[in-house]
Amino acid sequence: MKLNIAVLPGDGIGPEVTQQAVKVLNAIAIEFDHIFLFKHAEVGAVAIDKKNTPLPDSTLELCKSCDAILFGAIGHPKYDNDPSAKIRPEQGLLKLRKELGLYANIRPVKAYETLLDKSPLKKEIIKNTNICIYRELTGGIYFGKKQLSKDGNTASDLCEYSRVEIERIAKLAFNAARNRNKKVTLVDKANVLESSRLWRKIVTEIGSDYPDVELDFLFVDNAAMQLILNPNQFDVILTENMFGDIISDEASVIGGSIGLLASASIGDRYSLFEPIHGSYPQAKGKDIANPIASILSAALLLDHFELFEEANLIRESVERALMLNITTPDLNATDLSITTNKVGNSIADFIRNPKKSNINYNNMYLGQSTII
Ligand code: IPM
Ligand code: MG
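Here you go:
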């Protein structure tokens with residue numbers, strides 16, 4: 023298969039982790055005879071510095087002309103600490119999501135057997151957790167009307183949803199549940215919010231077309247608690263934009279590090295793949311950031327094009343690296359020599375030399391094998 027992939031590394035650790043995902047995709051291309059062409063463009067704070075906008079037209083055009091987008095991270099502390107900044111890096115990502123109609127953000131969360139001890143949560147609680155969060159991505163409070171009074175003392179953000187916005191993501195969530203453990207949990211705040219009551223009504227209607235899928239409802243405050251109390255009760259979580267943003271960061275604790283969580287943002291026409299983590303500016307350029315979320319985002323990209331064998335090989339190779347403790351300091355504080363690049367090299371290495379072979383992986387440790 024030939025794919026044109028727009029690469030938007032963005033800010034902070036974005037470039038370093040994205041580079042590892044590209045490395046891994048190149049290994050897949052060689053192994054499976056695909057052609058992946060990567061085209062780089064700027065977004066976020068780096069784009070503001072150069073072009074005074076977080077999403078230059080040329081970047082948007084490139085994204086539209088490619089088959090898929092691989093996104094790094096966005097954000098810079100100089101904007102976080104300046105509430106009056108009119109131009110902000112995050113606007114670039116939000117505009118990209120909106121312009122490309124990426125309404126469904128899919129965030130798989132899994133407790134890896136080998137990492138059960140790394141989570142601050144008890145291992146008997148998180149063991150076997152396998153959740154997929156379907157977060158609505160182009161509506162709600164993120165995109166509703168924003169107002170600031172003239173005197174600067176009152177502000178508001180409107181949370182608005184329409185039937186079509188709820189229906190389209192609900193269908194995706196139910197379809198996903200059908201191929202998983204057949205349960206959808208709608209997370210909302212229907213005891214308080216009108217928009218949540220509309221979600222409940224419409225999701226219930228859609229649910230009646232899926233009699234084989236159990237539909238459950240949880241208020242978001244309770245869901246936040248249940249997620250760490252008993253994460254195994256969840257299969258597919260369906261929720262609106264802001265709630266999804268918050269509970270997916272929380273859910274990453276189950277996996278042991280936010281550096282492991284990948285996501286796919288899907289629309290009717292375009293698709294973008296990005297880690298759920300931010301730009302982690304403190305780690306920028308230090309070669310210590312965990313590239314696995316970006317690498318697993320590349321696996322989701324391959325899934326999207328139905329290259330399932332390839333995607334699974336990436337996931338197996340990631341698990342192999344985790345099993346051998348080839349992980350960055352967020353998961354392996356005792357060995358600081360394992361860098362972002364080494365993790366990427368090892369995973370690419372495993373792809374080029376899959377499990378079937380009788381290579382001793384312990385000797386291939388850290389990409390120091392003679393095989394690459
Ligand atoms: C995410 C991020 C973004 C969001 C930010 C960077 C705008 O937190 O993708 O989860 O809030 O959606
Ligand atoms: Mg977030």
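Per my numbering: the sequence shown = residues 23 to 394.
Heads up, the beta-carbon is just placed ideally off N, CA and C, and yes, glycines get one too.
Point to revise | Sub-7 Å separation of K204 and D234 beta-carbons | key: yes
Exercise for review: Put A195 into one of helix, strand or coil per three-state DSSP.
Suggested key: helix
Check your understanding: Terminal residues of the continuous beta strand (DSSP E) containing E296?
Key -> 293-297
Practice item. Run through the segment 166-190 for me and flag every whole beta strand (DSSP E) of 3 or more residues, listed as ranges in chain order. Key: 168-170, 177-179
Review point. Do you know how far the Cα of S319 is from the Cα of E296?
Key: 6 Å
Check your understanding: What does a CB cutoff of less than 6 Å around H62 pick up in its chain, not counting 5 residues either side in sequence?
Key -> V29
Review point. L237: which of N244, K223, Q248 sits nearest, CA to CA?
Key: K223
Check your understanding: Hey, would you say N367 sits closer than 7 Å to D309, going by beta carbons?
Key -> no
Point to revise | Residues near R202 by beta carbon distance below 6 Å, same chain, minus five either side | key: D257
Practice item. Check whether the Cβ atoms of P313 and V39 lie closer than 7 Å to each other. Key: yes
Review point. Could you check where the beta strand (DSSP E) with A311 kicks off and where it finishes?
Key: Note, A311: premise wrong, no beta strand (DSSP E); not H, not E.
Check your understanding: When you compare only the Cα positions, how much space is there between D33 and K72?
Key -> 13 Å
Check your understanding: Comparing the CB of D309 with every heavy atom of the ligand MG, is any distance shorter than 6 Å?
Key -> no
Exercise for review: Mind the definition here: the segment 281-296 touches the segment 46-61 only if three or more C-beta pairs lie below 8 Å; say whether that holds.
Suggested key: no
**Study point:** Residues of its chain near I163, where Cβ-Cβ distance is below 6 Å and the 5 sequence neighbours each way are ignored
**Key:** D179, C181, M264
Review point. When we look at the beta-carbon of D352 and count the other beta-carbons within 10 Å, is it buried (16 or more) or exposed?
Key: buried
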